[in-house]
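The sequence shown begins at 220 in the numbering used here and counts up one residue at a time. C-beta: ideal position from N, C-alpha, C; glycine also. Treat the numbers as computed from the prediction; the structure is a model and nothing was measured.
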Amino acid sequence: GLGLNRTNTDMLLSAKCGLYKAGTIDVLDIKNVDMENHIYGKIEAKSGKSAFEYIKKVIELALAGEIDATVTAPIHKEALNLAGFHYAGHTEIYSDLTKTKDYVMMLVDDNFRIAHVSTHVSMKMACELVKKDRIIKVIKLTNEMLRRLDIENPRIAVAGLNPHAGEGGLFGDEEIREIIPAIESARKLGINADGAFPPDTIFSRAKGGEFDAVIAMYHDQGHIALKTAGFVYDKDGKWSSISGVNVTLGLPIIRTSVDHGVAFDKAGVGIANPQSMIQAIKLAVKLAS
């Protein structure tokens with residue numbers, strides 16, 4: 220199904236023993252998956268347990284300096300929680316196991332980058348999390364990331380929360396109370412941040428190259444923008460292109476990931492689109508260089 224065999228895989232008991240050469244996939248086997256009885260595409264607690272143990276292992280290796288970066292594949296959140304690991308996703312696991320308090324999810328598709336003030340929370344909670352201090356932290360971590368990508372004076376746009384960025388308070392005052400004061404504070408730190416911009420146009424402007432990154436106020440505000448640009452479906456609902464990388468900012472280690480879900484309908488048959496994974500690996504290598 221997957222087209223893997225002993226001629227192009229190197230099964231490892233330690234990350235230090237890998238061949239790490241072109242044409243070979245080095246696989247660290249922590250022997251927690253029963254492949255003979257494994258069922259592809261099925262939500263099971265044992266699969267969630269195995270996935271968590273691999274994530275934990277790779278974080279430990281990175282913290283110990285045995286590997287330079289980590290790249291994660293999708294994880295099924297229901298399976299994870301069935302196994303007793305009550306996390307919203309990879310980002311929360313990484314922040315917990317690395318003891319990182321302030322972290323940010325950024326989506327990247329080439330030069331189109333979107334960082335998020337909040338992620339896996341309800342819409343009601345997302346609005347409550349639009350606070351000056353949090354926005355400043357997101358702007359700062361975004362600026363640091365852009366500099367790591369060799370952008371000397373990053374241009375950061377900050378989206379509003381409300382329609383028309385509040386229209387001077389007519390449609391909500393979060394921009395006046397929280398967002399604009401955060402931008403002003405970031406500027407005092409020497410960061411080239413601007414806004415608050417109407418959310419319905421600022422992402423297109425950034426996609427066109429006017430800004431190096433956009434700060435989105437909540438999960439879907441940023442995800443819809445990037446995935447509309449990077450995900451292309453045909454008339455039958457099948458992916459013809461899937462582009463985008465998830466990066467966790469603020470961690471003591473490098474973590475990138477694909478920007479899509481588990482695709483259980485393609486599991487184990489070797490037909491999944493690798494585009495996002497290839498991008499994630501390349502970005503991790505660049506950040507580690």
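At what residues does the alpha helix (DSSP H) containing residue i begin and finish?
| i | result |
| --- | --- |
| Arg-366 | 351–367 |
Checking the sheet assignment: what are the DSSP bridge partners for residue i?
| i | result |
| --- | --- |
| Gly-229 | Note on identity: in this sequence residue 229 is Asp, with Gly being the wrong assignment. DSSP output for Asp-229 lists Asp-245 as bridge partner(s). |
| Val-477 | Val-464 |
Taking the continuous beta strand (DSSP E) assigned at residue i, which residues delimit it?
| i | result |
| --- | --- |
| Val-377 | 375–378 |
Check the C-beta distance from residue i over to residue j and give it rounded, since I have them as a contact under 8 Å.
| i | j | result |
| --- | --- | --- |
| Ala-302 | Gly-260 | Ala-302 to Gly-260, Cβ: 17 Å. No contact. |
| Lys-350 | Pro-400 | With a Cβ gap of about 10 Å, Lys-350 and Pro-400 do not count as contacting. |
| Ile-249 | Ala-270 | Wrong, their Cβ atoms sit about 11 Å apart, outside the cutoff. |
Q: Return the chain-ordered ranges of every beta strand (DSSP E) run that is complete within the region 390–464 and spans a minimum of 3 residues.
A: 412–416, 432–435, 450–452 and 458–461
Q. Taking the runs of the beta strand (DSSP E) that are 3 residues or longer, which of them lie wholly in the region 265–350?
A. 289–291, 323–328 and 331–335
Q. At a cut of 8 Å, does the region 412–429 reach the region 365–377 through at least three beta carbon pairs?
A. yes
Q. If you scan the region 481–507 from start to end, which runs of the alpha helix (DSSP H) of 4 or more residues do you find wholly inside it?
A. 494–507
Q.
I'd like to know if the region 434–446 and the region 323–336 are in contact, where contact means that at least 3 CB-CB pairs between them fall below 8 Å.
A. As far as the Cβ criterion goes, the region 434–446 touches the region 323–336, which means the pair count is three or higher.
Q. With a cut-off of 8 Å, do at least 3 Cβ pairs link the region 457–472 to the region 350–364?
A. Three or more Cβ pairs drawn from the region 457–472 and the region 350–364 lie within less than 8 Å of each other, which places the two stretches in contact.
Q | Sufficient close CB pairs (3 or more, under 8 Å) joining the region 423–439 to the region 334–353 | A | yes
Q | Contact the region 346–360 vs the region 403–413: 3+ CB pairs below 8 Å | A | yes
Q: Indicate whether the contact test is met: 3 or more Cβ pairs, each with one atom in the region 488–508 and one in the region 283–292, closer than 8 Å.
A: yes
Q: Would you check if the region 263–283 and the region 486–499 touch, i.e. whether three or more CB-CB distances between them fall below 8 Å?
A: no
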